[in-house]
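**Student:** Counting from 1 along the sequence shown, just add 1148 to a position and that's the residue number in my numbering. For each residue, glycine too, the CB sits at the ideal point set by N, CA and C. Submitted below is the structure of interest, expressed as structure tokens.
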Amino acid sequence: MSKVETQIQVKLPDGNSKTLEAGATAADLAKAIAEGLFRKSVGAVINGEPKDLYTPLKDGDEVKLLTADTDESLEFLRHSTAHVMAEAVQSLFPNAKIAIGPTIQDGFYYDFEIADHALTPSDLEAIEKKMTEIAKENQRIVRYDIPDVDAQIKEFEQQGEKFKAELLTEHRDHNPTLYLMQNKEGKTVWNDLCRGPHLPATGFIKAFKLQKVSGSYWRADENKEKLQRIYATCFWTKKDLEEHLKRLEEAEKRDHRKLAKQLDLFSVHEEVGPGLIFWHPNLATVRDTIEEYWRKEHRRRGYDFVYTPHIANESLYKISGHLENYAENMYSPMDIDGEDYRCKPMNCPGHIMIYKSKLRSYRDLPLRYAELGTVYRYERSGVLHGMLRVRGFTQDDSHIFCTPEQLKDEINGILDLIDSLMTTFGYRYKAYLSTRPEKYLGTDEQWEMATNGLEQAMKDRNMDYEVDEGGGVFYAPKIDIKLFDAIGREWQGPTIQVDLNLPNRFDVTYIGEDGNRHQAVMVHRAVLGSMERFCGGLIEHYAGRFPLWLAPTQVAVLPISDRHQERAKELALALQKKEIRAHLDDRPETIQYRIRDAQLEQTPYMLVIGDKEMEDDVVAVRHRQGGQVGTMKFEEFLEKIEKEIETKQL
Ligand SMILES: [Zn+2]
Ligand SMILES: [Zn+2]
């Protein structure tokens, strides 16, 4: 045998090659490059697939080593830590039977059946402690191809591991593997059924936290075994873990459902039905203020406002294709004069009816219809969540009808509007362009026109964006904007779609310069999304402290005692006349108590009126966060807050 055949060559991400002995693993590759690299390596991506570090390499493989402390290798860490948790659970509860333990965002969970014992918070602490021991022991995690599947199934059954036995039976033809946990002496102390990949050893596990236990069922089937699920989060470093836990704590404080109760914002009523929102005066004021601003921004940009009915003969949704493609989200028909009518799930067909009410010429275009349109969509009750996932909501919807030549400018106009609104509310954002998917409607030329219109507009604005190749919907390329809130969480934001389907279905046309009929380009866009979702998000974004221009009550006027009441009332009225939302709080409570109340209600400004203020004809101004602002003439205060409102200061 010649020397060459005992060697293999693998390709590295930088384009270089490395020659290794035949049979070398990714670990050997790491060692051959540098001992330091080997010590940090936890796995490899081989020909695009994540694999264990000790996977043998073949000639011609493309290999990228994965080191600890990177986002890319987090999956290895979390998967391995899940097994360590299961190992710890079984060492503390020998009766525990193992089900499944997948990774999830920021961590993992694992399901167990533990007869006669419900896990408690102190159990979680004990499990954490055991996990730390296993990590410190630095057990090796070794992949093991199951040589005799039937024998292994039998073994699982004898051990009472019925779930593992069931899973292995199911995957018997997929080269099933066990992962063995081995101690320093090389003795296997525990194993689990898994396809991997995992870390090479448990010593890399340093920062995890078991969060909670909840109930689940085997195969998510209520008729099957009841299981206990432990949720955990896990990071490479203690610092990352602590930051994450802090973010969770902060997010919990900001939960819009919790703040809704504290600040009297909205409610949901079992007897009315889930997913249907009742806006209380405080939040209705916020919404009204946003809508007013929204209308103004649209008027300035040449939009026309329209209103469309909430129900329509279902023939409309036959033409639009919603009955065909969207029926599971639509409510059952209601009978009106023997015809089936439906609640509208979308505003688009309605806007098309207005467009088609007369013959349009290229001179009429672009037409920009905007509506705060209320739609009703079925969502499973399990996914409903406060104001963020509901069954009836009002979209800030708009449809633009234009010629292909006008498309780019229209998109540019929408992007400008988005930037203006999102900046006003204090969101950072990022744009994604989703292009033609594998299955699509319309011609290649149409897709090119539509996609170019979207992309060119972003390029002209020097916007940063990412391309999601093939991520468009089957009838439209689109721009999706993701928002980042005050604590860095991502929210689904504005969307823009260029529709290549509805204009065809509804025959949406205009007479061109050449005197012929042409199909109009139709753009769907929502900037705020739905008022429910947007306002729910804003509550969390601001942690309930709406900026002055949005605050339900902007100024609380507080007379110190009875003899200051008249003056206080006068000031409150003067503020109201200037359209400032002032509230006179002259309850017979101490001034400290009423100041505290106004602060708890997140009222931005308080005016305190006492003897001294009356004598000097001034007001004592307090801010909800800054405390004393100082005394000033009422006119001076008015001017100050009018400016703060006008500029929508955050
Ligand atoms: Zn695993
Ligand atoms: Zn639409």
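1) To the nearest angstrom, how far is it from the Cα of Lys1151 to the Cα of Gly1208?
2) Buried or exposed: Met1279, going by 16 or more other Cβ atoms within 10 Å of its Cβ?
3) For Gly1308 and Ile1252, what's the separation of their Cα atoms in angstroms?
4) Residues around ligand 1, please: the ones whose beta-carbon is closer than 5 Å to some heavy atom of it, in chain order.
5) Give a yes or no on whether the C-beta atoms belonging to Arg1516 and Asp1452 are separated by under 8 Å.
6) Could you pull out every residue in the same chain whose Cβ sits closer than 7 Å to the Cβ of Gln1300, ignoring the five residues on either side in sequence?
7) For the region 1390-1430, list the alpha helix (DSSP H) runs that are entirely contained and at least 4 residues long, ordered along the chain.
8) Do Pro1198 and Pro1345 have their C-beta atoms closer together than 8 Å?
9) Would Asn1430 and Asp1403 be called neighbours here (beta carbons separated by less than 8 Å)?
10) Taking buried to mean at least 16 other C-beta atoms within 10 Å of its own C-beta, is Leu1748 buried or exposed?
11) Rounded to a whole number of angstroms, what is the C-alpha to C-alpha distance between Arg1435 and Pro1752?
12) Rounded to whole angstroms, what's the CA-CA distance from Ile1559 to Tyr1257? Just pull it up for me.
13) Going by the C-beta, is Asn1652 closer than 7 Å to any heavy atom of ligand 2?
14) Quick check on Asn1495: buried or exposed, where buried means 16 or more other Cβ atoms within 10 Å of its Cβ?
15) Would you say the beta carbon of Asn1495 comes nearer than 7 Å to a heavy atom of ligand 2?
16) From the beta carbon of Asp1488, is the nearest beta carbon of chain C less than 8 Å away?
17) Where are the beta strand (DSSP E) runs, 3 residues long or more, that stay fully inside the region 1282-1342, in chain order?
18) For Arg1528, list the residues DSSP reports as bridge partners.
19) In terms of residue numbering, what span does the beta strand (DSSP E) encompassing Lys1781 cover?
20) Given a cut-off of 8 Å on the beta-carbon distance, is the pair Val1646 and Asp1544 in contact?
21) Got a sec, what are the start and stop residues for the beta strand (DSSP E) Asp1633 sits in?
22) With 16 as the cutoff for other CB atoms within 10 Å, does Gly1590 come out buried or exposed?
23) What number of angstroms, rounded off, separates the C-alpha of Glu1553 from the C-alpha of His1428?
24) Would DSSP call Asp1612 helix, strand or coil?
25) If His1275 sits next to Ala1236, beta carbons under 8 Å apart, how far is it from one beta carbon to the other, in whole angstroms?
26) Does ligand 2 have a heavy atom nearer than 7 Å to the CB of His1672?
27) If you pair each beta-carbon of the region 1519-1527 with each one of the region 1486-1502, do three or more pairs fall below 8 Å?
28) Taking the CB atoms as reference points, tell me whether Arg1653 and Ile1659 lie closer together than 8 Å.
29) In angstroms with no decimal places, state the Cα-to-Cα distance between Lys1607 and Gly1601.
30) Using the C-alpha atoms, what's the distance from Thr1167 back to Phe1264?
31) Does the Cβ of His1547 lie closer than 7 Å to at least one heavy atom of ligand 2?
32) Taking only runs that begin and end inside the region 1156-1224, name each unbroken alpha helix (DSSP H) of 4 or more residues, in chain order.
33) Please classify Gly1775: does DSSP put it in a helix, a strand, or coil?
34) To the nearest angstrom, report how far apart Thr1599 and Val1671 are at their CA atoms.
35) Examine the Cβ distances between the region 1436-1444 and the region 1710-1721 and report whether three or more of them are shorter than 8 Å.
36) From His1547 to Pro1514, what distance separates their C-alpha atoms?
**Tutor:** This is what the structure holds:
1) Residue numbering aside, residue 1151 sits at position 3 when the sequence shown is read from its first letter. Residue numbering aside, residue 1208 sits at position 60 when the sequence shown is read from its first letter. For Lys1151, the pLDDT reaches just 49, beneath the cut-off of 50, and the residue's location in the model is therefore unreliable, leaving the point undetermined.
2) For the purposes of this step, residue 1279 is taken as residue 131 along the sequence shown, with counting starting at 1. Per the 10 Å Cβ criterion, buried.
3) Stepping through the sequence shown from its first residue, residue 1308 is reached at position 160. Stepping through the sequence shown from its first residue, residue 1252 is reached at position 104. Cα to Cα, Gly1308 sits roughly 27 Å from Ile1252.
4) Taking every residue with its beta carbon within less than 5 Å of a heavy atom belonging to ligand 1 gives, in chain order, His1227, Cys1342.
5) Mapped onto the sequence shown, residue 1516 falls at position 368. Mapped onto the sequence shown, residue 1452 falls at position 304. Yes, the pair counts as a contact, with Cβ atoms nearer than the cut-off.
6) As a working note, residue 1300 is residue 152 in the sequence shown. Hits under 7 Å: Ile1294, Leu1316.
7) 1404-1411
8) As a first step, residue 1198 is located in the sequence shown; it is residue number 50 there, counting from the start. As a first step, residue 1345 is located in the sequence shown; it is residue number 197 there, counting from the start. With contacts defined as CB atoms closer than 8 Å, Pro1198 and Pro1345 qualify as a contacting pair.
9) For the purposes of this step, residue 1430 is identified with residue 282 of the sequence shown, where counting begins at 1. For the purposes of this step, residue 1403 is identified with residue 255 of the sequence shown, where counting begins at 1. No.
10) The residue you call residue 1748 lines up with position 600 of the sequence shown. With fewer than 16 other Cβ atoms within 10 Å, it is exposed.
11) Residue numbering aside, residue 1435 sits at position 287 when the sequence shown is read from its first letter. Residue numbering aside, residue 1752 sits at position 604 when the sequence shown is read from its first letter. When rounded, the distance between both Cα atoms is 18 Å.
12) Indexing the sequence shown from 1 puts residue 1559 at position 411. Indexing the sequence shown from 1 puts residue 1257 at position 109. Straight-line Cα distance between these residues: approximately 43 Å.
13) Here residue 1652 corresponds to residue number 504 of the sequence shown, with the count starting at 1. Flag unset: Cβ of Asn1652 not near ligand 2.
14) Working through the sequence shown from its first residue, we reach residue 1495 at position 347. Asn1495 comes out buried.
15) Along the sequence shown, read from residue 1 onward, the residue named residue 1495 stands at position 347. It does: the Cβ of Asn1495 is within 7 Å (strictly closer) of some heavy atom of ligand 2.
16) This model lacks chain C altogether, as it is built from one protein chain only.
17) 1288-1293, 1325-1330, 1336-1341
18) Sequence index remark: in the sequence shown, residue 1528 carries index 380 (1-based). DSSP output for Arg1528 lists no bridge partner at all.
19) Residue mapping note: residue 1781 aligns to position 633 of the sequence shown, counting from 1. Taken as a continuous stretch (DSSP letters only), Lys1781 belongs to no beta strand (DSSP E), as it is neither H nor E.
20) The sequence position of residue 1646 within the sequence shown is 498, counting from 1. The sequence position of residue 1544 within the sequence shown is 396, counting from 1. Against a cut-off of 8 Å, the Cβ pair of Asp1544 and Val1646 comes out as no contact.
21) On the sequence shown, residue 1633 is found 485 positions in, with the first residue counted as 1. Careful: Asp1633 lies outside any beta strand (DSSP E) and carries neither H nor E.
22) Here residue 1590 refers to the residue found at position 442 when the sequence shown is read from its first residue. Buried, since its Cβ has 16 or more Cβ neighbours within 10 Å.
23) The count along the sequence shown starts at 1 and reaches residue 1553 at position 405. The count along the sequence shown starts at 1 and reaches residue 1428 at position 280. So the two alpha carbons sit approximately 46 Å from each other.
24) Position 464 of the sequence shown, counted from the first residue, corresponds to residue 1612. Asp1612: coil per DSSP, three-state reduction.
25) As a first step, residue 1275 is located in the sequence shown; it is residue number 127 there, counting from the start. As a first step, residue 1236 is located in the sequence shown; it is residue number 88 there, counting from the start. Going by the sequence as given, residue 1275 is Ile instead of His. Their Cβ separation, rounded to whole angstroms, is 5 Å, which keeps Ile1275 and Ala1236 in contact under 8 Å.
26) The count along the sequence shown starts at 1 and reaches residue 1672 at position 524. Within the cutoff, so yes.
27) yes
28) Numbered from 1 along the sequence shown, position 505 holds the residue referred to as residue 1653. Numbered from 1 along the sequence shown, position 511 holds the residue referred to as residue 1659. Cβ distance not < 8 Å, so Arg1653 and Ile1659 don't count as in contact.
29) Working through the sequence shown from its first residue, we reach residue 1607 at position 459. Working through the sequence shown from its first residue, we reach residue 1601 at position 453. Spanning the two alpha carbons is a distance of roughly 10 Å.
30) The residue you call residue 1264 lines up with position 116 of the sequence shown. The residue you call residue 1167 lines up with position 19 of the sequence shown. One point to set straight first is that residue 1264 is Asp, not Phe, in the sequence displayed. Computed Cα separation, rounded: 57 Å.
31) As a position in the sequence shown, residue 1547 is number 399, starting the count at 1. Yes, the beta carbon of His1547 sits closer than 7 Å to at least one heavy atom of ligand 2.
32) 1174-1181, 1183-1188
33) In the sequence shown, counting from the first residue as 1, residue 1775 sits at position 627. Gly1775 falls in the strand class under three-state DSSP.
34) The residue given as residue 1599 occupies position 451 in the sequence shown. The residue given as residue 1671 occupies position 523 in the sequence shown. Straight-line Cα distance between these residues: approximately 12 Å.
35) Cβ pair count under 8 Å is below three, so no.
36) Here residue 1547 is taken as the residue at index 399 of the sequence shown, counted from 1. Here residue 1514 is taken as the residue at index 366 of the sequence shown, counted from 1. Near 10 Å, if we compare the C-alpha coordinates of Pro1514 and His1547.
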